[in-house]
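Chemist:
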Amino acid sequence: MSIAPDGIKLLAARVSLGGRVILHPLTLDLTERRIGILGRNGSGKTTLLRLIAGLIAPDQGQVLVEGVDPCSDRPAALAALGILFQNPDHQILFPTVEEELSFGLVQQGLPQAQALARAHATLQDEGRAHWARAPVSTLSQGQRHYLCLLAVLLMTPRTILLDEPFAGLDLP
């Protein structure tokens, strides 16, 4: 995780789902370039990453990324943060590789043609040009995970949140 100078701050942030507290009030001030979060299954690591990314809102407290609430300012959050989920099927939205890779760039304001050109250039650079028009469903789980990583990297976020990034990888 590479973090901008203002870093990531959680101020007594709490998450509850279905009336059950999933993440107890947590206060953090993260400014290091690389941070690892370790814990048992079900201990809240993924919930914490989703909270930081603004994919879920705290029901109490506050989350700030580079001084901005990622839930209320999505454009700023998209520029600041990228997230790679543990399961690529929770991240993939489009039927083809080129559509998946270009989507985030379009969300950031790049015209569709330029986004597709960047997606194709990235696939070429990675030796995967033949994937461009391939249905995502034809890729293995490891290849879909790699596709998601490429999509995040294409968006050039200042911070990347990785949720078990090596799970299911089957590439050499």
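When we follow my numbering, the leftmost residue of the sequence shown carries the number -18, and every step to the right adds one.
Just so you know, even glycine gets a beta-carbon here, dropped at the ideal spot from N, CA and C.
Along the chain, where does the beta strand (DSSP E) containing Pro6 start, and where does it finish?
Modeler: Position 25 of the sequence shown, counted from the first residue, corresponds to residue 6. Run containing Pro6: Arg1 to Leu11, per the beta strand (DSSP E) assignment.
Chemist: When you compare only the Cα positions, how much space is there between Ala148 and Pro138?
Modeler: As a working mapping, residue 148 is identified with position 167 in the sequence shown. As a working mapping, residue 138 is identified with position 157 in the sequence shown. If I take the Cα positions, the gap works out to 22 angstroms.
Chemist: Of the residues Leu11, Leu(-9) and Thr140, which one's Cα is nearest the Cα of Gln43?
Modeler: Residue mapping note: residue 43 aligns to position 62 of the sequence shown, counting from 1. It is Leu(-9) whose Cα lies nearest to the Cα of Gln43.
Chemist: Residues in its own chain within less than 8 angstroms of His101 by CB, not counting five upstream and five downstream?
Modeler: Translated into positions along the sequence shown, residue 101 becomes position 120. Cβ neighbours of His101 within its own chain (closer than 8 angstroms, five residues either side excluded): Glu79, Ala110 and Ala113.
Chemist: Does the beta-carbon distance from Gly123 to Asp144 come in below 8 angstroms?
Modeler: As a working mapping, residue 123 is identified with position 142 in the sequence shown. As a working mapping, residue 144 is identified with position 163 in the sequence shown. It is not a contact, given that the beta carbons lie outside the stated cut-off.
Chemist: Put Ser(-3) into one of helix, strand or coil per three-state DSSP.
Modeler: By 1-based counting over the sequence shown, the position of residue -3 is 16. Ser(-3) falls in the strand class under three-state DSSP.
Chemist: Suppose you measure from the CA of Ala(-7) to the CA of Gln89; what does that come to, to the nearest Å?
Modeler: Locating residue -7 in the sequence shown gives position 12, where the first residue counts as 1. Locating residue 89 in the sequence shown gives position 108, where the first residue counts as 1. So the two alpha carbons sit approximately 30 angstroms from each other.
Chemist: Restricting to Cα atoms, I'd like to know which of Met136, Ile(-11), Leu131 and Leu91 is closest to Arg14.
Modeler: Working through the sequence shown from its first residue, we reach residue 14 at position 33. Comparing Cα-Cα distances from Arg14 to each of Met136, Ile(-11), Leu131 and Leu91, the minimum goes to Ile(-11).
Chemist: With 16 as the cutoff for other CB atoms within 10 Å, does Thr119 come out buried or exposed?
Modeler: Start at 1 with the first residue of the sequence shown, and residue 119 comes out as number 138. Result: exposed.
Chemist: For the region 125 to 136 against the region 66 to 76, do three or more pairs of beta-carbon atoms, one drawn from each stretch, fall closer than 8 angstroms, so that the two count as touching?
Modeler: yes
Chemist: For Thr119, which beta-bridge partners are listed by DSSP?
Modeler: Residue mapping note: residue 119 aligns to position 138 of the sequence shown, counting from 1. Looking at the DSSP output, Thr119 shares a beta bridge with no other residue.
Chemist: Based on Cα-Cα distance, which residue from Ala98, Leu82, Ser121 and Pro116 lies nearest to Leu133?
Modeler: In the sequence shown, residue 133 corresponds to position 152, counting from 1. Note that residue 133 corresponds to Val in the displayed sequence, not to Leu. Cα-wise, what sits closest to Val133 is Leu82.
Chemist: What alpha helix (DSSP H) runs, 4 residues minimum, are completely inside the region 63 to 129?
Modeler: 78 to 88 and 93 to 106
Chemist: Check whether the Cβ atoms of Arg(-5) and Asp40 lie closer than 8 angstroms to each other.
Modeler: For the purposes of this step, residue -5 is taken as residue 14 along the sequence shown, with counting starting at 1. For the purposes of this step, residue 40 is taken as residue 59 along the sequence shown, with counting starting at 1. Against a cut-off of 8 angstroms, the Cβ pair of Asp40 and Arg(-5) comes out as a contact.
Chemist: According to DSSP, is Ile33 helix, strand or coil?
Modeler: One-based indexing of the sequence shown puts residue 33 at position 52. In this structure, Ile33 counts as helix in the three-state DSSP scheme.
Chemist: Of the residues Pro51, Gly17, Arg21 and Ala115, which one's Cα is nearest the Cα of Arg31?
Modeler: Counted from its first residue, the sequence shown places residue 31 at position 50. It is Pro51.
Chemist: Exposed or buried, what is Ala60 when buried is set at 16 or more other beta-carbons lying within 10 Å of its beta-carbon?
Modeler: For the purposes of this step, residue 60 is taken as the residue at position 79 of the sequence shown. Burial call: buried.
Chemist: Please look up how many angstroms separate the CB atoms of Thr140 and Leu62, rounded, as I've assumed it's under 8 angstroms.
Modeler: For the purposes of this step, residue 140 is taken as residue 159 along the sequence shown, with counting starting at 1. For the purposes of this step, residue 62 is taken as residue 81 along the sequence shown, with counting starting at 1. Their Cβ separation, rounded to whole angstroms, is 5 angstroms, which keeps Thr140 and Leu62 in contact under 8 angstroms.
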